[in-house]
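Residue numbers (the numbering used here): 3 to 371.
C-beta: ideal position from N, C-alpha, C; glycine also.
Written below as structure tokens is the structure these notes are about.
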């Protein structure tokens, strides 16, 4: 639990930090996160993701054109309205930016849609890549949310699944558009029969539906992972023992993903890889090197009551501490890891930087060999 940084502001102990999370009524994971935020004492602020009829109409579009845009599945179907859609999107982002001035933390939950490959300078679109329809402005909305939390105010930011991928892309990294190992995962799940939640093209499996029907299968097919930086946000929150405990309990928060991030595809000038799959091939957690509380997980902590509560609770308490700082400019709120310095093994607290570096877990870098 984050320690009380400023004890003089008793009234702030009951303050409910406002946590921005994208609108996603059809995702069970997002609903679970919202429930956790409320349960722990935060206040979810749902950020709209769709271009409204009013915004589109403001660009001179008639009802027929608006309906055509709303029913389109790709931008190519409404290419004639490119300028109006772009202008409506800019107005949408202006509105979102104003809403963000009232938030204390940001959560980027998982999504059924993929980040556009053009965002990480990939000129080809894999046949498995699922892009959002034109009416859905989730990608640009979450990009704005990420930028606001990272740079404008440096408020706590948590990215989950595609939310972690958003952090990677936003900081100059790239993704694997389709993980070939995922096809084997889908095939084995299909072979079991009576397992719902597989989309027509096999690109996404609805995590909660598969896991609730066959947790043992999911656990058997899912990769285990390891912490590679103990002096990190995830390293403080969840020790390797807890990770192993999660695996042993066969919880559903681990599974293969349709898209993935490799260690060599991270911008290591900004992000630190803090957890990897056991074979070291894919990234399971990252954090920002120049932000006091910004990290992402490829796995889904919200599906574990123990781990989900821990992560959301720490985020909300840190947001509350930062809020207290607004009332006292002389107050200092250390970075999250520094707040927990006495919980980190002594090997990671040595004053000599060279000696400390020698004690740090070394991230495997086979791509350099």
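Exposed or buried, which one is residue i when buried takes at least 16 other CB atoms within 10 Å?
| i | result |
| --- | --- |
| residue 181 | buried |
| residue 253 | Bear in mind that the predicted position of residue 253 carries a pLDDT of just 43, short of 50, making it unreliable; the figure below should be weighed with that in mind. When all chains shown are included, residue 253 counts as buried. |
| residue 315 | buried |
| residue 302 | buried |
| residue 80 | buried |
| residue 103 | exposed |
| residue 120 | exposed |
| residue 290 | buried |
| residue 173 | buried |
| residue 419 | The requested residue 419 is not part of the displayed model; the chain covers only 3 to 371. |
| residue 261 | buried |
| residue 234 | buried |
| residue 66 | exposed |
| residue 126 | exposed |
| residue 154 | exposed |
| residue 144 | buried |
| residue 82 | exposed |
| residue 280 | exposed |
Starting from residue i and walking both ways along the alpha helix (DSSP H), at which residues does that stretch end?
| i | result |
| --- | --- |
| residue 309 | 307–327 |
| residue 100 | 84–102 |
| residue 339 | 338–341 |
| residue 38 | 30–42 |
| residue 73 | 65–73 |
| residue 238 | 235–239 |
Since residue i sits in a beta bridge, which residues does DSSP pair it with?
| i | result |
| --- | --- |
| residue 227 | 279 |
| residue 110 | 161 |
| residue 290 | 273 |
| residue 52 | 138 |
| residue 178 | 262 |
| residue 147 | Answer is none; residue 147 lacks a bridge partner. |
| residue 119 | DSSP lists no partner for residue 119. |
| residue 188 | None, per the DSSP bridge assignment. |
| residue 285 | 278 |
| residue 45 | 20 |
Mind checking which residues open and close the beta strand (DSSP E) that includes residue i?
| i | result |
| --- | --- |
| residue 384 | The displayed coordinates of the chain run from 3 to 371. Any statement about residue 384 would go beyond what the structure contains. |
| residue 298 | 296–299 |
For residue i, which residues of its own chain have a beta-carbon under 6 Å away from its beta-carbon, when the five flanking residues on both sides are left out?
| i | result |
| --- | --- |
| residue 267 | 175 and 176 |
| residue 449 | Given that the chain is displayed from residue 3 to residue 371, the structure contains no residue 449 and the question cannot be resolved. |
| residue 131 | 116 and 179 |
| residue 335 | 7, 323, 324 and 327 |
| residue 45 | 18 and 20 |
| residue 287 | 236, 276, 277 and 299 |
| residue 320 | 4, 158, 295 and 338 |
| residue 16 | none |
| residue 151 | 108, 157 and 159 |
| residue 317 | 107, 158 and 160 |
| residue 105 | 20, 22 and 47 |
| residue 417 | This structure gives no information on residue 417, because the portion of the chain shown stretches from 3 to 371. |
| residue 344 | none |
Leaving aside the five residues before and after residue i along the sequence, list all residues of the same chain whose C-beta is less than 8 Å from its C-beta, in chain order.
| i | result |
| --- | --- |
| residue 52 | 25, 137, 138 and 139 |
| residue 163 | 31, 111, 112, 113, 259, 299, 300, 301 and 302 |
| residue 75 | 135 |
| residue 311 | 38, 41 and 42 |
| residue 84 | 77 |
| residue 332 | none |
| residue 123 | 176 |
If I'm right that residue i touches residue j with Cβ under 8 Å, what's the distance once you round it to whole angstroms?
| i | j | result |
| --- | --- | --- |
| residue 57 | residue 170 | That pair is no contact at about 30 Å. |
| residue 50 | residue 107 | Going by Cβ atoms, the distance from residue 50 to residue 107 rounds to 18 Å, so no, they are not a contact pair. |
| residue 304 | residue 34 | 4 Å |
For residue i, which residues in the same chain have their Cβ closer than 7 Å to its Cβ, ignoring the five residues on either side in sequence?
| i | result |
| --- | --- |
| residue 161 | 110, 168, 169 and 298 |
| residue 342 | 238 |
| residue 61 | 86, 89 and 90 |
| residue 146 | 95, 98 and 99 |
| residue 142 | 91 and 95 |
| residue 70 | 80 |
| residue 59 | 68 |
| residue 36 | 23 and 46 |
Any heavy atom of the ligand GTP within a distance shorter than 8 Å of the CB on residue i?
| i | result |
| --- | --- |
| residue 76 | Questions concerning the ligand GTP fall outside what the structure shown contains, since it holds no ligand whatsoever. |
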